[in-house]
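Trainee: Structure in structure tokens, see below.
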Amino acid sequence: MTFTILLDYIGTFAFAISGIRMASAKKFDWFGAYVVGLVTAVGGGTIRDLLLGLTPFWMLQPSYLIITALALLTVIVFGKHLIKINTTMFIFDAIGLGLFTVVGYEKSLAVGFPFWVNVIMGTLTGAAGGILRDTLINEVPLIFRKDIYAIACIIGGMIFFGCQFANLHNATSEVITASSVILIRILAVRCHISLPTLKGEENDDENEPKLPIT
Amino acid sequence: MTFTILLDYIGTFAFAISGIRMASAKKFDWFGAYVVGLVTAVGGGTIRDLLLGLTPFWMLQPSYLIITALALLTVIVFGKHLIKINTTMFIFDAIGLGLFTVVGYEKSLAVGFPFWVNVIMGTLTGAAGGILRDTLINEVPLIFRKDIYAIACIIGGMIFFGCQFANLHNATSEVITASSVILIRILAVRCHISLPTLKGEENDDENEPKLPIT
Amino acid sequence: MTFTILLDYIGTFAFAISGIRMASAKKFDWFGAYVVGLVTAVGGGTIRDLLLGLTPFWMLQPSYLIITALALLTVIVFGKHLIKINTTMFIFDAIGLGLFTVVGYEKSLAVGFPFWVNVIMGTLTGAAGGILRDTLINEVPLIFRKDIYAIACIIGGMIFFGCQFANLHNATSEVITASSVILIRILAVRCHISLPTLKGEENDDENEPKLPIT
């Protein structure tokens, strides 16, 4: 249990760093950077909890706010040097993705939703924070265009369901699911695996599918 | 009842297609397009359910996720050819708008809110999905600048209230309201009716009304 | 009590005007301007109420919708002349900020949350409407880059907590807190006090901290 919490905090830290560094690229002040970091770290879980009708998890204990503050401090103090440990940050981020997916799945399961809702909640927990981050810094969400990210969560959710179906012990299911998500994410980036892209239509400077009836 | 569900599904399909086609214009991958399509189709109803304190409707049965998947498949397979049936899609979209407005109004009414909250909930159900879609693809929401869209929902909500006030049978009220919204939407586009635009102020490169006290 | 309500309405009006004027700079139609004005005025409180599990305050009585309509009417009628009373609008906005912070803090306190959640809820009530406004008009949120705004709410929240800790009468705490927020906000703008900015990293055209493992 303590180990899970440690990994959860590491994931939170990595997500917060990702948000703060993007805010930094946009020349945000410390407050703006903190907010973007926090939203990246807890935004997905917050949407999940609101959809499930629960009190958002970060309102129940202040750890997540403190971890985000540490992440901000880290970026302020170490700044440039963080680029050199990008691979480390990427591994942390992948670990966070795996852990967050499991947490989201289980919270949804506990409320009593069917497996497909649990898969969505796991995916939201892992991936929605990044979408909110990109919306706040006024960019098109990265995960809509670039390699496998949320898909790793979706596959992980299905694996979790399979483990439960096979009556595996809960801790075993968690480890298998989180490991799968982390592995898929790392393999996807290392092997440049990505989803097909939709081709833009020719006449879309109109940018509006609802044409007038003429 | 079955007929209403069919129309609801058609509306969902049309809304999802609209989101997926805009995602396509931005070169999103299949996952990104699916998310944008889903948010366009169920986003308005989700905001409504959260405001009303209800479990979001699409978490109670998987139809809406499946319909969005069908919409994605349709765009992948037929792509370019969809442009040729723009008028058909526009009619579907208008039908969705009318139906969604009625559904939103009734859900809010069932919780016991006064008529003006019901009108807002009907309008949110019909129009908020498109606003979320435009935020996700990083565009200024279309309905804030172009012809009558949400206004059709607002007028529809008032008509629904009028029907109830006149003690009309519920099914009758629904048909009248949905038809009105559809008709207003189609007429507005056909006759190029739109709301007046606010003129931008001259000194607004500042883009900030709060000037320092000097 | 009546005086507090009056100040709350004045704050709502000022916030709505700020949203409508920014929508005007983007050439929105009347409906779009109304929505942006409303979101600016009630958005922060709505997020707060959703996080606290309460029914959003503006759904319980129509005053806030009516005040936003008056704000829209004011911009339509007086338009250009509003620029001349920018200082007045700034004072109104600062008053709104102070009042909204107190309201948010107290609502959260009444639900039984610890002081740090109350501080966040006060800050969200005062500052989140402006972030939603900037997201809707597709701009980077102003308060992430420019002078002291949300920080005034945070300091105010801590002062409120200090007042309670010192067993001050509730009305006294409210007056002290709101006055502090207003004063900090005005002093920050007058003396050009702002937070340090994060320096953008050199290699961030990549705009993505998760680099591939090579």
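Chains as they are written, first to last, in our numbering: chain A, 3 to 216; chain B, 3 to 216; chain C, 3 to 216.
Glycine included, C-beta positions come from ideal geometry on N, C-alpha and C.
Quantities reported herein were computed from a predicted structural model and do not represent experimental measurements.
Can you name the residues of chain C whose CB is closer than 8 Å to the CB of ASN120(B)?
Mentor: Ordered by position in chain C, no residue passes the 8 Å Cβ test against ASN120(B), which lies about 10 Å from the chain.
Trainee: Give the residues of chain B in contact with ILE139(C), contact being defined as C-beta atoms less than 7 Å apart.
Mentor: Residues of chain B passing the Cβ test: VAL142.
Trainee: With 9 Å as the threshold, decide whether the Cβ of THR199(A) is near any Cβ in chain B.
Mentor: It does: the Cβ of THR199(A) has a partner Cβ on chain B nearer than 9 Å.
Trainee: Alpha carbon to alpha carbon, what distance is there between GLY98(C) and MET10(C)?
Mentor: Residue 10(C) is actually Asp in this sequence, not Met. Cα to Cα, the separation comes out at about 6 Å.
Trainee: For the putative contact between ALA18(C) and ALA73(C), defined by C-beta atoms under 8 Å, what is the C-beta separation to the nearest angstrom?
Mentor: At roughly 4 Å, the Cβ-Cβ gap stays under 8 Å, so ALA18(C) and ALA73(C) are in contact.
Trainee: Can you list the residues of chain B that PRO58(C) reaches, using a CB-CB cut of under 8 Å?
Mentor: Those within 8 Å of PRO58(C) in chain B are LEU53.
Trainee: For GLY21(A) and ALA112(B), I'd like the C-alpha separation in whole angstroms.
Mentor: Those two C-alpha atoms are separated by around 41 Å.
Trainee: Establish whether the CB of ALA152(A) and some CB of chain B are separated by less than 9 Å.
Mentor: At least one chain B Cβ lies under 9 Å of ALA152(A).
Trainee: State the beta-bridge partners of LEU31(B) as determined by DSSP.
Mentor: With the sequence shown as reference, residue 31(B) is identified as Asp, and Leu is not the correct amino acid for it. In DSSP, ASP31(B) forms a bridge with THR199(A).
Trainee: Which runs of the alpha helix (DSSP H) spanning at least 4 residues fall entirely within the segment 82-143 of chain B, listed in chain order?
Mentor: DSSP runs (the alpha helix (DSSP H)) wholly in the segment 82-143 of chain B: 88-113 and 117-138.
Trainee: Specify, as a first and last residue, the run of the alpha helix (DSSP H) that THR179(A) falls within.
Mentor: Unbroken alpha helix (DSSP H) run through THR179(A): 172-192.
Trainee: What in chain A is Cβ-close to ALA25(B), meaning under 9 Å?
Mentor: The contacting residues are PHE146 and LEU200.
Trainee: Looking at the C-beta of PHE162(B), does it have a partner C-beta in chain C at a distance below 9 Å?
Mentor: With 9 Å as the cut-off, PHE162(B) does not count as an interface residue toward chain C.
Trainee: Residues of chain C with CB closer than 9 Å to the CB of PHE33(A), please, in chain order.
Mentor: Chain C residues near PHE33(A): ILE145, PHE146, ILE150, TYR151, ALA152, ILE153, ILE156 and LEU197.
Trainee: With a CB to CB cut of under 8 Å and the five nearest residues on each side skipped, what residues in its chain are close to ALA16(B)?
Mentor: Contacts found: MET91, PHE94, ASP95, ILE97 and GLY98.
Trainee: Nearest chain B C-beta to THR48(C) closer than 9 Å, yes or no?
Mentor: So yes, THR48(C) belongs to the interface.
Trainee: Run through DSSP, which three-state label would ILE150(A) get?
Mentor: ILE150(A) falls in the coil class under three-state DSSP.
Trainee: Less than 9 Å between the C-beta atoms of GLY131(C) and VAL41(C), yes or no?
Mentor: Going by C-beta atoms, GLY131(C) is nearer than 9 Å to VAL41(C).
Trainee: Where ILE122(A) and LEU56(B) are concerned, what is the direct C-alpha to C-alpha distance, given to the nearest angstrom?
Mentor: The straight-line gap from Cα to Cα measures roughly 18 Å.
Trainee: For VAL38(C) and ARG135(C), what's the separation of their Cα atoms in angstroms?
Mentor: Their Cα atoms are separated by approximately 6 Å.
Trainee: Please determine whether the Cβ atom of GLY13(C) lies at a distance below 8 Å from any heavy atom of the ligand MG.
Mentor: With respect to small molecules bound, the structure shown includes none, and the ligand MG cannot be examined in it.
Trainee: Out of curiosity, what's the CA-to-CA distance linking TYR36(B) and THR70(B)?
Mentor: One C-alpha to the other measures close to 7 Å.
Trainee: Using a Cβ-Cβ distance cut-off of 9 Å, determine whether ILE22(B) contacts chain A.
Mentor: So yes, ILE22(B) belongs to the interface.
Trainee: Can you find a C-beta in chain B that's less than 9 Å from the C-beta of PHE5(A)?
Mentor: Not an interface residue.
Trainee: On the three-state DSSP scale, how would you describe LEU72(B)?
Mentor: LEU72(B) falls in the helix class under three-state DSSP.
Trainee: At a Cβ threshold of 9 Å, is GLY81(C) touching chain B?
Mentor: GLY81(C) counts as touching chain B.
Trainee: Out of ILE178(C), LEU197(C), LYS109(C) and VAL77(C), which one is the CA nearest neighbour of ASP149(C)?
Mentor: ASP149(C) has its Cα closest to that of LEU197(C), out of ILE178(C), LEU197(C), LYS109(C) and VAL77(C).
Trainee: Give the residues of chain B in contact with PHE115(A), contact being defined as C-beta atoms less than 8 Å apart.
Mentor: The answer, in chain order, is MET61.
Trainee: So, is ASN169(B) buried or exposed, given that buried needs 16 or more other C-beta atoms within 10 angstroms?
Mentor: Counting Cβ neighbours within 10 Å, ASN169(B) comes out exposed, since fewer than 16 surround it.
Trainee: Leaving out the 5 sequence neighbours to the left and right, which residues in its chain are closer than 6 Å to VAL77(B) when beta-carbon positions are compared?
Mentor: Closer than 6 Å at the Cβ level, and outside the excluded window around VAL77(B), lie ILE22.
Trainee: Mind reading off the beta-carbon distance from THR179(C) to VAL104(C)? Whole number of angstroms is fine, and I expect it under 8 Å.
Mentor: Correct: roughly 5 Å between the Cβ atoms.
Trainee: Run through DSSP, which three-state label would THR57(C) get?
Mentor: Residue state, collapsed to three classes: coil.
Trainee: For THR6(A), which residues from the same chain have a beta carbon less than 8 Å from its beta carbon, with the 5 sequence-adjacent residues on both sides left out?
Mentor: LEU101 and GLU176.
Trainee: Any beta-carbon of chain C closer than 9 Å to the one on THR38(A)?
Mentor: Looking at the sequence provided, one finds Val at residue 38(A) rather than Thr. Cβ-Cβ to chain C under 9 Å: yes for VAL38(A).
Trainee: Would DSSP call GLN63(B) helix, strand or coil?
Mentor: Note: GLN63(B) maps to coil in three-state DSSP.
Trainee: Spell out whether any CB of chain B is found under 9 Å from the CB atom of PHE133(A).
Mentor: Note that residue 133(A) is Ile in the sequence shown here, rather than Phe. Yes, its Cβ sits closer than 9 Å to a Cβ of chain B.
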